[in-house]
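Presented below is the structure to which this report refers.
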Amino acid sequence: MKKLNGKVALVTGGAMGNGLGIAKVLAKHGAKVAIADISPELTRTIEKLKAAQYDVFGVEMDVSDTASVQKGVKEIVDYYGTIDVLMNNAGVIRLGSLLDTTDEERDFQFNVNINGVWNVTKAVLPLMIEKRRGRICNMSSVTGTMVADPGECAYATTKAAVLGFTKGLAREVAEYGITVNAILPGYIETPMAEQIARESTPEDPNLTTQGIVDGVPLGRMGRIEEVGDLAAFLLSDEAAYITGTSVVIDGGSTLPETISVGK
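According to our numbering, the sequence shown is numbered sequentially starting from 4.
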């Protein structure tokens with residue numbers, strides 16, 4: 004039997020990038036997947052996944068807006084009947100130093116990356132508590148929890164907050180049989196990685212991309228399906244005794260200290 008057979012999963016920010024990879028893998032493992040996003044790509048993503056014979060449902064949802072979240076969750080429950088597992092994946096980044104980042108740019112990242120996780124979890128959690136069972140996984144990052152580069156102050160803050168939220172919530176809901184864990188990706192082949200490259204070296208984004216690859220011991224960036232495989236494990240019964248934990252998936256990029264020595 005497939006590890007998520009018949010389970011209803013909600014993946015936020017699932018129209019592209021890591022969210023798309025996660026949605027595809029969850030569906031491959033038998034889950035009914037509700038994909039929430041505000042991207043114009045949502046419709047196309049749903050069409051492609053349905054064409055691949057996956058059971059998916061698209062919902063327009065702004066995770067930073069409580070009313071939008073509540074409306075979206077209701078649509079999913081009306082369609083599928085419940086939500087068994089939640090993947091809080093939606094996230095944004097705006098590069099800029101502390102002094103250069105405007106309040107609007109800061110709030111945009113905080114509202115999506117922190118409040119979005121809070122809002123969606125709060126809307127879904129009562130369904131899990133009622134059943135005394137559930138799986139929640141939050142997308143954090145190695146940025147902010149282990150490393151940081153110039154220009155990532157706001158983003159790093161949000162991803163560290165997600166890890167704190169993961170641990171706090173895991174302790175609160177353990178008595179209901181609900182597990183809460185976090186994924187900490189390094190550089191994955193996503194639109195966000197492409198955005199970082201464009202903003203870092205607009206004259207030649209490939210310079211940044213190659214620099215990233217050169218800094219990864221495994222010699223490449225990760226694939227969205229690899230993140231999906233990890234999420235599927237953490238959201239399944241195979242991870243029933245794992246909670247409050249973060250799992251790094253970065254090809255070893257956080258292993259070097261400053262420069263490689265000892266060769």
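Think of the CB as a built atom: it goes at the ideal place given N, C-alpha and C, for glycine as much as any other residue.
task: Between the Cα of Leu23 and those of Gly33, Leu45, Gly222 and Ala243, spot the shortest distance and give me the residue it belongs to.
output: Leu45
message: Which residue wins for smallest C-alpha separation from Ala34, given the options Cys156, Arg47, Ile49 and Lys5?
response: Lys5
- prompt: Would you say Ile181 and Asn92 are within 8 Å of each other, going by their C-beta atoms?
  reply: no
message: Rounding to the nearest angstrom, what Cα-Cα distance links Val127 and Leu89 in this structure?
response: 8 Å
query: Beta carbon of Tyr190, beta carbon of Ile227: below 8 Å?
result: no
task: Go ahead and pull the three-state DSSP assignment for Asp40.
output: strand
field: According to DSSP, residues forming a beta bridge with Thr204
entry: Its beta-bridge partners do not exist; DSSP assigns none.
query: So with Cβ pairs under 8 Å, would you call Val62 a contact of chain D?
result: In the displayed structure, chain D is absent; only one protein chain is listed.
field: Outcome for Leu237 when other beta-carbon atoms lying within 10 angstroms are tallied against a minimum of 16
entry: buried
message: Measuring straight from C-alpha to C-alpha, what distance separates Asp58 and Asp217?
response: 39 Å
- request: Put Thr105 into one of helix, strand or coil per three-state DSSP.
  value: coil
- prompt: Hey, would you say Ala30 sits closer than 8 Å to Met64, going by beta carbons?
  reply: no
- prompt: When DSSP labels each residue in this structure, what does Gly225 get in the three-state scheme?
  reply: strand
Buried/exposed call for Leu210, threshold 16 Cβ in 10 Å: exposed
Test item: CB-CB of Asp232 and Val28 under 8 Å: yes
message: If contact is defined by three or more beta carbon pairs under 8 Å, each pair taking one atom from either stretch, is the region 114-126 in contact with the region 65-81?
response: yes
message: Among Val251, Ala54, Tyr244 and Glu78, whose alpha-carbon lies nearest the alpha-carbon of Val150?
response: Val251
- prompt: With 16 other CB atoms within 10 Å as the buried threshold, where does Gly9 fall?
  reply: exposed
query: Closest by CA to Gly16, which one among Asn116, Asp106 and Asp87?
result: Asn116
- request: Output yes or no for whether 8 Å exceeds the beta carbon distance between Glu202 and Leu98.
  value: yes
message: For Thr160 and Ala55, what's the separation of their Cα atoms in angstroms?
response: 38 Å
query: Tell me the DSSP bridge mates of Ala12?
result: Val36 and Val88
task: Provide the residue(s) that pair with Met249 in DSSP beta bridges, ordered along the chain.
output: It is Ser, not Met, that sits at residue 249 in the sequence shown. According to DSSP, which records beta bridges pairwise, Ser249 is partnered with Ala185.
- prompt: Quick one, which of Thr248, Leu52 and Ala173 has its alpha-carbon nearest Arg136's?
  reply: Ala173
message: Looking at the secondary structure, which residues open and close the beta strand (DSSP E) in which Ile139 lies?
response: Gly137 to Met142
query: How many Å lie between Gly247 and Trp121 at the Cα?
result: 16 Å
- request: Could you work out which residue in Phe113, Val176, Ile41 and Ser143 is closest to Ala157 when comparing CA atoms only?
  value: Phe113
message: What does DSSP give as the partner residue(s) for Ile215 in the beta ladder?
response: Beta-bridge pairing links Ile215 to no other residue.
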